[in-house]
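Please read the structure below before turning to the comments.
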Amino acid sequence: MDAAGGDDRCRVALRTARSIGRTRRKLGRDALIVVGVTGKYCSGKNTVTGLLVDRGFVEIDVDRVGHDALATEGRRVIDEFGPSVRGDDGRIDRKALGRIVFGDRAALARLEAILHPVMVAAVHARIQTLRSAADPPPGVVINAAILLRMRLDALCDTVVFVRAPFLARLRRARARDGAGLIDVLRRLRAQSDVAPQHSRSCADIHSVENDDDRKRLLSQLESFLPIS
Numbered sequence: 016m017d018a019a020g021g022d023d024r025c026r027v028a029l030r031t032a033r034s035i036g037r038t039r040r041k042l043g044r045d046a047l048i049v050v051g052v053t054g055k056y057c058s059g060k061n062t063v064t065g066l067l068v069d070r071g072f073v074e075i076d077v078d079r080v081g082h083d084a085l086a087t088e089g090r091r092v093i094d095e096f097g098p099s100v101r102g103d104d105g106r107i108d109r110k111a112l113g114r115i116v117f118g119d120r121a122a123l124a125r126l127e128a129i130l131h132p133v134m135v136a137a138v139h140a141r142i143q144t145l146r147s148a149a150d151p152p153p154g155v156v157i158n159a160a161i162l163l164r165m166r167l168d169a170l171c172d173t174v175v176f177v178r179a180p181f182l183a184r185l186r187r188a189r190a191r192d193g194a195g196l197i198d199v200l201r202r203l204r205a206q207s208d209v210a211p212q213h214s215r216s217c218a219d220i221h222s223v224e225n226d227d228d229r230k231r232l233l234s235q236l237e238s239f240l241p242i243s
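The sequence shown begins at 16 in the numbering used here and counts up one residue at a time.
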């Protein structure tokens, strides 16, 4: 790395450290850091989250929070979308619901209006529980593809946007989900509001490149997060 590049990296690290320092002073010396991890389909959000969990962070998996919200709000969802989304066991048939909302933005917006407030409240409550613990972790990582759409970035000190080359994402999608090109393109089109410019919070936003080199990925995280 040349001197200019090194100077730039130092400035980024210093700026973020100062921001985190301000947050710690505001909330208390032992305040935990809240990091949001987002990015498009198969960019490597779970990989980044795993690196932080390995260093003591506690993960809040927003997909799992969504499953819980769907269970608790099942009656409202059935009232909104009809009995066709109710399975034989009385619970929501996720596949039937998916056929209705994915590809229909208006229907998806109706579902999100039911679930997202419940999910955001659950994430906030989990953070508060960890923050008030007798022995709090060094940080919390919110793992969410639609972090910005849900405005969960408002709960974060730092947001990590994970990027990856398209062909790498396509390869991962095929290996993990058996998804073809059309499926991948459809999912990416549904994530048009994932990019950092859609953030409305004061959180620091940093992009990292995930090219399957975990050592390089960790080095990028260490350049702006106090995890080394």
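For every residue, glycine included, the Cβ atom is placed at its ideal position computed from N, Cα and C.
Please read all numbers here as calculations on a predicted model, not as lab measurements.
**Request:** Might you give, ordered along the chain, the residues of its own chain that have their beta carbon closer than 6 Å to the beta carbon of R101, omitting 5 neighbours on each side?
**Result:** I93
**Message:** According to DSSP, V100 sits in a beta bridge with which residue or residues?
**Reply:** BP columns for V100 are empty, so no partner.
**Request:** Look at the alpha carbon of A188 and the alpha carbon of R146, and state the distance between them as a whole number of angstroms.
**Result:** 35 Å
**Prompt:** T62 and L232 look like a contact to me (Cβ under 8 Å); what is the Cβ gap, rounded to whole Å?
**Reply:** 7 Å
**Item:** Proximity winner among L162, L182 and A122, relative to V175 (alpha-carbon distances)
**Value:** L162
**Request:** Mind the definition here: the segment 67 to 82 touches the segment 150 to 166 only if three or more C-beta pairs lie below 8 Å; say whether that holds.
**Result:** yes
**Prompt:** What does a CB cutoff of less than 8 Å around G97 pick up in its chain, not counting 5 residues either side in sequence?
**Reply:** none
**Prompt:** If you run the structure through DSSP and keep just helix, strand and coil, what is R125?
**Reply:** helix
**Which listed residue (I142, I48, T173 and L196) has its alpha carbon closest to that of A183** = L196
**Request:** Quick one: residues in its chain with C-beta nearer than 8 Å to the C-beta of R106, no 5 flanking neighbours on either side, listed in chain order?
**Result:** A86 and G89
**Request:** Below 8 Å CB to CB, which residues in the same chain sit around R91 once its five sequence neighbours on both sides are set aside?
**Result:** I129
**Message:** On the CB-based measure, 16 or more other CB atoms within 10 Å of its CB, does K55 come out buried or exposed?
**Reply:** buried
**Request:** Between the Cα of H131 and those of P152, V50, V49 and A84, spot the shortest distance and give me the residue it belongs to.
**Result:** A84
**Message:** Helix, strand or coil for F176? Go by DSSP, reduced to three states.
**Reply:** strand
**Message:** Between which residues of its own chain and R191 is the CB-CB distance below 8 Å, once the five residues before and five after are set aside?
**Reply:** C57
**Prompt:** Do you know offhand how far R202's Cα is from N225's?
**Reply:** 19 Å
**Request:** Determine, using beta carbons only, whether D276 and G51 come nearer to each other than 8 Å.
**Result:** Within the shown structure, residues of the chain are numbered from 16 to 243, placing residue 276 beyond reach of any answer.
**Message:** To the nearest angstrom, how far is the alpha carbon of P180 from that of K60?
**Reply:** 14 Å
**Message:** To the nearest angstrom, how far is the alpha carbon of L200 from that of G118?
**Reply:** 12 Å
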